[in-house]
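Have a look at the structure below before the remarks.
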Amino acid sequence: MIPTVRTPGDAQKAVLATFFPPLGSRSIAFPISPQLGRPVAEFLESANDETLLILQIETKESMDHLEEIVNMEGVDAVFIGPFDLSYALALFDKYGYPGGLASHELRDASQRVAKECKKANVAAGSFAAGVDGAAVLVKEGFTLLAAGTDTAARSLLQVESPILIANRTIEGTEPLSDACKQFPYKRYFRVNTYANFRYFGQNAKAGDMIELVAGIYNLGDGQVDKEDLPNQGGPENDNGGGRPAMAVSGVINGRIGTTKNPIVFCGTQNRTIIDGADSVRYASSGIRILKSQHVRLAGFTVQNVLKGVDTQNSKDSDISYISIKNTLQEGIRIRYNSVRNTVRDCSVRHTGLMYAGVGEGIYIGSSRKNSIGYGLPKDESDYNIIQNNKFGPGVTAEAIDIKEYTSYGKVINNEIDGKDLSGWNGAISWIAVKGNGWTIQGNKGKNLKSSKFVGIKVVAISKGQGNKNIIKENRCDLQKGGSLCVFIAKGTAGNTIACSNIVGPLWRKATMSAATITKKLCNCKTRCLKASGRSSTLGVTPVLRSYYDADALFNVEEEAARPSWD
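Counting along the sequence shown from 1, when you hit position 404 you're at 404 in our numbering, and nothing is skipped either side.
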């Protein structure tokens, strides 16, 4: 950077002194070539391209010759010194200090510099007085900003630069995919790397749509979230994990949209692929949404990751048309007081590749052991909706695991293939309900390979939990004789189990007893059928197969505490 460039002659001298021939006349002494770190010929070939020349415009004479200076070959940028230029233009005499810095004359000069730089295709720079001042300069076309301290420099990163955005996007003015077209937007951006996905995940505003074009997005192209890495905690629990902790980073972090102007991240279904195969032991979640509101996530395949989608402390967001496969742990996680979120029209398969007992399709909330067991608040991830999703094959734990302390959500019209349910870590059901006030409706399950497994179970892991849930209009196609469609454990209360639940054809082969169906559990308007097992009764009213006494069948197993990096 060369100060006080007054004339085209000064600019020419700066060019000659800065560059090697043929552009300049800078000299070199061959005996010192080892200090260059590479052969002299190689250094000279690239040195001019690697050198940036910035000229400071600080006087009235500089402004008089501005057009000639910015068009000088070799000049990469010009930089306004606002204090010196205000003094040179006698603005402090006219307006005092700091009035001269806010004068229209200085603003006119500044805008003229930005305009001439744009015409000459060189960068315009200036000193930025805080975030607000930087925003004004960026709007005028300045792309090279200086700050007085490290703290001030970091604050400038809050300023959205059109040039920076242009460098992170590819050409396109409207959405390509059907997944994107379902949402409204005010501004549209198109990207093709995970790093740029992350950039907008930290900077997008309400009404923005960011489309990831079809292709493979490797997590290694971005930053692996530190809290996702194994063994970050201490040795407190048997799993070797340690105290659970909310993540401090995520690809989508702190984005606040509105109902009318959500923030949309979308791709082309089955063709926009988030792949973690190259990350550290599949160490990162494919997409983490952290401390955000009204985010819309749609149209991705997420594979070879720790978790597919991890939502933490986020509200009113929508996750749709996501295909998740090959995860070390669960497919989708909604936790840490994430409320009013919807997961719809997604598919999850081949989970739990690290350990089958933690391979849930969707895991809502946090267990007692991983919350109050560590002296942490209850995870009240309430009012979430899980709808029209498909689970399996390859889902090794519950397709949908609803944890204690979560309330008033809905699980509606999902399809579940339970043939790979492992039985490990208490995973013995398609759907596990441990919270209160949930509605489980219209779901279809098939393939229970053990008589010890159950389609839908309601249990009380913690006092006052597992109560007032409604289970209706679900269909259970049972594979193994003796397995149950609905299981209600001791310690629960006020659950409604409707006769509109249907058990599939294999029901007729099962052995029943008078204790299997009771009026206590069958809260429907029509009479509860006696458990006679005669096929003639099956055509009268849909029959529910449930069991009330946990101890008579198997022990209700509470899952082990999970490591902090889950």
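Built from N, CA and C at the ideal position, the CB exists for glycine as well.
Contacting residues, own chain, Cβ-Cβ under 7 Å from residue i (five flanking each side not counted)
i, result
"GLY114", "The sequence given here places Ala at residue 114; Gly does not occur at that position. Contacts found: ALA124, GLU140, GLY141, PHE142."
"ALA47", "PHE20"
"ILE372", "LYS378"
"ASN337", "ASN313, ASP379, GLU380, SER381"
Range of the contiguous alpha helix (DSSP H) that encloses residue i
i, result
"VAL40", "40 to 47"
"ASP93", "91 to 95"
"LYS444", "Where LYS444 is concerned, there is no enclosing alpha helix (DSSP H), although the beta strand (DSSP E) it sits in stretches over 444 to 446."
"GLU304", "The identity of residue 304 in the sequence shown is Asn, whereas the question assumes Glu. From DSSP, ASN304 is part of no alpha helix (DSSP H) but of the beta strand (DSSP E) over 295 to 305."
"ILE402", "Counting along the chain, ILE402 falls outside any alpha helix (DSSP H), though it belongs to the beta strand (DSSP E) covering 400 to 402."
"SER110", "104 to 120"
DSSP state of residue i mapped onto helix, strand, coil
i, result
"ASP84", "helix"
"CYS499", "coil"
"THR327", "strand"
"VAL571", "Absent from the structure is residue 571, since the part of the chain shown begins at 1 and ends at 566."
"ILE14", "Note on identity: in this sequence residue 14 is Ala, with Ile being the wrong assignment. In the structure shown, ALA14 sits in a helix (DSSP, three-state: H, G or I)."
"ARG26", "coil"
"PHE142", "coil"
"ILE461", "coil"
"CYS266", "strand"
"ASP64", "helix"
Cut-off 6 Å between Cβ atoms - residues of its own chain near residue i, not counting five sequence neighbours on either side
i, result
"ILE274", "TYR217, GLY286, PHE300, VAL302"
"GLY331", "GLY308, ILE324, VAL348, THR351, GLY361"
"LYS410", "ILE385, THR439"
"THR4", "GLU58"
"SER320", "ALA298, ARG344, ASP345"
"ILE170", "ARG190, ASN192"
"ASP401", "GLU360, TYR363, ALA432"
"VAL458", "VAL433, GLY466, ASN469, ILE488, THR492, ASN495"
8 Å contact criterion, which residue i and residue j should meet: CB distance rounded
i, j, result
"CYS485", "GLY455", "5 Å"
"PHE577", "VAL191", "The requested residue 577 does not occur in the structure, where the chain is confined to residues 1 to 566."
"GLY442", "GLU473", "5 Å"
"ASP382", "VAL343", "ASP382 to VAL343, Cβ: 15 Å. No contact."
"ALA397", "ALA460", "In fact, because the Cβ distance is near 20 Å, the residues do not count as touching under 8 Å."
"ALA498", "GLY466", "Between GLY466 and ALA498 the Cβ distance is about 17 Å, and since that is not below 8 Å, they are no contact."
"GLU263", "ASP208", "A small fix is needed here, since residue 263 is Ile in this sequence, not Glu. Confirmed, Cβ separation roughly 6 Å."
"PRO175", "TYR194", "Contact doesn't hold; Cβ gap of about 19 Å is too wide."
"ASN389", "LYS419", "Not really, about 17 Å apart at Cβ, beyond 8 Å."
"LEU85", "LEU66", "At roughly 11 Å, the Cβ-Cβ gap does not stay under 8 Å, so LEU85 and LEU66 are not in contact."
Range of the contiguous beta strand (DSSP E) that encloses residue i
i, result
"GLU211", "208 to 212"
"GLY455", "454 to 458"
"ILE568", "Beyond the ends of the chain as shown, which are 1 and 566, falls residue 568; an answer cannot be given."
"TYR217", "215 to 218"
"GLU415", "415 to 417"
"VAL411", "410 to 412"
"LEU55", "54 to 57"
"VAL251", "From DSSP, VAL251 is part of no beta strand (DSSP E); its letter is neither H nor E."
"GLN202", "Careful: GLN202 lies outside any beta strand (DSSP E), inside the alpha helix (DSSP H) at 194 to 203."
"ILE428", "No beta strand (DSSP E) contains ILE428, which DSSP labels as neither H nor E."
"GLN312", "309 to 312"
"ARG475", "475 to 477"
"LYS472", "470 to 472"
Same chain only: Cβ atoms within 8 Å of residue i, ignoring 5 sequence neighbours per side
i, result
"ASP108", "none"
Residue-level contact to chain C via CB, residue i, 8 Å cutoff
i, result
"THR51", "Here chain C cannot be found, since the structure has a single protein chain."
With contact counted as at least three CB pairs below 8 Å, one residue from each stretch, are the stretch 261 to 273 and the stretch 296 to 304 in contact? Three or more Cβ pairs drawn from the stretch 261 to 273 and the stretch 296 to 304 lie within less than 8 Å of each other, which places the two stretches in contact.
I want to know whether the stretch 10 to 18 touches the stretch 65 to 85 - three or more CB-CB distances under 8 Å. Short answer: they touch.
Would you call the stretch 288 to 296 and the stretch 246 to 258 in contact, with 3 or more CB pairs under 8 Å? Yes, since at least three Cβ pairs between the stretch 288 to 296 and the stretch 246 to 258 fall closer than 8 Å, the two stretches touch.
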